[in-house]
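These notes are about the structure you will find just below.
Numbering (this note's numbering), first residue to last: 5 to 587.
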């Protein structure tokens, strides 16, 4: 048995999603499963209450004719009604279709139509959007979570009451049955329906529970949109499986997040890299505002912790106890980052101040987690080893060992809904899924992700360049809010030069020039960014240096999980011309 296997927690067992609420109600009964902010305080829902809601919604759905083979869509914010609708659909025997609440109306209509959903459970604010859509033939009923319902919508409370009065028998489920169809967020512009089975999702939940030491004394903060597979599995289903509580963030404003963490004793949160990188930058700005004396003290303590690491000592927990308390993180044990590459500098920072920030990896097609750094051995440059039950291999390797990451395991999806062509392109008959990501497996079996196959640039000298690596270096700069690295075809016709689109942090830029009593012109901003790019890439090899760049005036368009929609900017590289070349 390996050291990794010896540290895993006992297997809690595998069962279909329709049994989740009932099993947890039996084990954790009156303990709070969810908390929501009401404006005057937090409203708690017990495990037994959630189970009652789930069974009532399931019976109501069955009474409307919903059963095996049907799809039920759920659209709304992170809230208990969403959770009950998701699990209620499972308990009714149907497949759930979580809809991205940030999608434009055309995207929402496509999902409802393509999935042939018969019932939609949604928030009041989406009723008008749905009402204005062209006729969706399969959609029979709409249920509204809120009191402000239109005439045609069924109030959620009414569906609950009717379900509680119903004596309809609830069906069982098998692990090979379809559980959900998740539509990808579309960073490429195309949204595909990923079919996940009961086994796919619950095997992922069960494996994750063996890595993280969480239980009834832990509270998760739900920040990411719960329709997304990462939040749904790791921030919704996993806590319920382990008997934890979930606090729904009442806003994404930094101060509100800190209030939620403090008031409800949050111990764990999953998030995307941008969230943690913003938190990192915010803490450093707060320290800087305290003055030079405070900053020097922080630097001294930080360097002490770094020196301790070399001697095998973990000092951050004690040294930065006061900082964590002031920042509102005194109860936090773990942060888990997924959904994109995390800047190693951010991971190092949080671990040094006493909060374990562990990076994981996965895709919607893998339910989603395939790798994660375990708490007992965190590697900041990697996404960790495969989780229990998952296999990983690298194909089409270069001499460097870098190649495409392929995944096999009980978490790998069945295929794309009504799209066999797309399925055959990435899913082999023997079960291996081609992720489209480039990576290398280290000797300790930890996986390092280099970037997307389709994003990789090849220089005139034949060198491979991964835009994500360069973006990390650029985004650490206080004057650069976001960057997007692209390839510009060379005049010779062979290879590409590295170029970048830069969205400055205008607040920091204005503050910088204000200190010099100067109102900056566009040329001033350009020269400042040019200098900062030059400084930022000093640690990079020459062939990775930015040859030209252009400043953009608006932040990049993103998916609901804050990934830049790169496909929207593929034509922008043609505008990065000789006038903006780096000298």
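Ideal Cβ placement from N, Cα and C applies to all residues, glycine included. Since we're looking at a predicted model, the values are computed, not measured.
Of the candidates 467, 195, 51, 195 places its Cα closest to the Cα of residue 569. Between the C-alpha atoms of residue 111 and residue 137 there is a straight-line separation of about 11 Å. Check the Cα spacing between residue 173 and each of 209, 347, 95: the tightest is with 95. For residue 134, the uninterrupted alpha helix (DSSP H) run begins and ends at 131 to 135, by DSSP.
According to the DSSP secondary-structure assignment, residue 186 is paired through a beta bridge with 198. With a 10 Å radius around the Cβ and a threshold of 16 neighbouring Cβ atoms, residue 257 comes out exposed. Non-local C-beta neighbours of residue 122 in its own chain, meaning closer than 6 Å and more than five positions away in sequence, comprise 74, 142, 144, ordered along the chain. In this structure, residue 15 sits near residue 214, with a CB-CB distance shorter than 8 Å.
The alpha-carbon separation between residue 499 and residue 471 amounts to approximately 15 Å. Here residue 44 is not near residue 25, since their CB atoms are 8 Å or more apart. For residue 214, there is no enclosing beta strand (DSSP E), as DSSP marks it with neither H nor E.
With a beta-carbon spacing of about 5 Å, residue 487 and residue 506 fall inside the 8 Å limit used to define contacts.
The DSSP assignment places complete beta strand (DSSP E) segments of no fewer than 3 residues inside the segment 46 to 112 at 46 to 50, 75 to 79, 99 to 103, in order along the chain. Within a 10 Å sphere around the beta-carbon of residue 314 sit fewer than 16 other beta-carbons, which makes this residue exposed. Between residue 318 and the set 287, 301, 219, 357, the nearest pair of CA atoms involves 357.
Residue state for residue 573 is assigned as helix, using DSSP reduced to three classes. Restricted to the segment 243 to 303, the alpha helix (DSSP H) segments that are unbroken, complete and at least 4 residues in length are 258 to 268, 277 to 293, listed in chain order. The DSSP-derived three-state label of residue 494 is coil.
For the pair residue 353 and residue 345, the Cα-to-Cα distance works out to about 16 Å. In this structure, the beta-carbon distance from residue 67 to residue 170 falls below 8 Å. Secondary structure of residue 231 (DSSP, three-state): coil.
Secondary structure note for residue 358: it is in no alpha helix (DSSP H), with a DSSP letter that is neither H nor E. Using a Cβ-Cβ distance cut-off of 8 Å, the segment 413 to 427 and the segment 386 to 404 are in contact, since at least three pairs of beta carbons, one from each stretch, lie closer than that value. By alpha-carbon distance to residue 399, the top candidate from 522, 135, 430 is 430. Residue ranges of uninterrupted beta strand (DSSP E) with 3 or more members, entirely inside the segment 426 to 459 and ordered along the chain, are 437 to 445, 451 to 456. Inter-segment contact for the segment 329 to 340 and the segment 251 to 270 is present: three or more beta-carbon pairs are separated by less than 8 Å. With 16 or more other Cβ atoms from the protein chains shown falling within 10 Å of its own Cβ, residue 478 counts as buried.
Leaving aside the five residues that flank residue 320 on each side, the residues in its chain whose CB is nearer than 7 Å to its CB run, in chain order, 309, 355, 356, 357, 358.
Ranking 404, 508, 21, 161 by CA distance to the CA of residue 532 puts 508 first.
Put simply, the segment 175 to 191 touches the segment 97 to 114. At least three CB pairs are less than 8 Å apart. Note that the C-beta distance between residue 80 and residue 130 is below 8 Å.
For residue 477, no beta strand (DSSP E) encloses it; the enclosing alpha helix (DSSP H) starts and ends at 471 to 479. Going by DSSP, residue 507 is part of the beta strand (DSSP E) stretching over 500 to 508. Taking all protein chains in view, the Cβ of residue 397 is surrounded by fewer than 16 other Cβ atoms within 10 Å, so the residue is classified as exposed. In the DSSP annotation of this structure, residue 125 is not part of any alpha helix (DSSP H); the continuous beta strand (DSSP E) holding it starts and ends at 123 to 126.
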